[in-house]
Amino acid sequence: MKTLFSVLALSAIASFAAAAPVNIECPVKEGKPVKATLTTTHKGKEIGFCCKGCKEKFEADPAKYEKAIK
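Here the sequence shown stands for residues -19 to -1, 1 to 51, where the numbers follow mature numbering (1 follows the signal peptide of the UniProt record, and there is no 0).
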């Protein structure tokens, strides 16, 4: 039972770590810090945004903002 609990705990930790955005600044409003709760998956990576509006703009035209992902 301890082994099962350990495996489940490690799996949960790994899934949270993988969900962190790869960028620290919003790709739409450059210079604005991202919020960890506002993300979208793009090309297998979690991209963070400063606000819901920026997330929607990115999702509508990701190619326009790809170079700004830092």
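Quick reminder that beta carbons are idealized off the backbone N, C-alpha and C, glycines included.
Handout entry: Cross-strand partners of E27 (DSSP beta bridge)
Key = T22
Exercise for the section: Return yes when the Cβ of V3 is within less than 7 Å of the Cβ of C35, no when it is not. Expected result: no
Handout entry: Collapsed DSSP secondary structure at A(-1) in the structure displayed
Key = coil
Practice task
Put P43 into one of helix, strand or coil per three-state DSSP.
Solution key: helix
Exercise for the section: Figure out for me which residue from G12, A(-1), G25 has the closest Cα to the Cα of T18. Expected result: A(-1)
Exercise for the section: My understanding is that E40 touches T21, with C-beta atoms under 8 Å, so please give their C-beta distance in whole angstroms. Expected result: 6 Å
Handout entry: Beta-carbon proximity of C31 to K13, cut-off 7 Å
Key = yes
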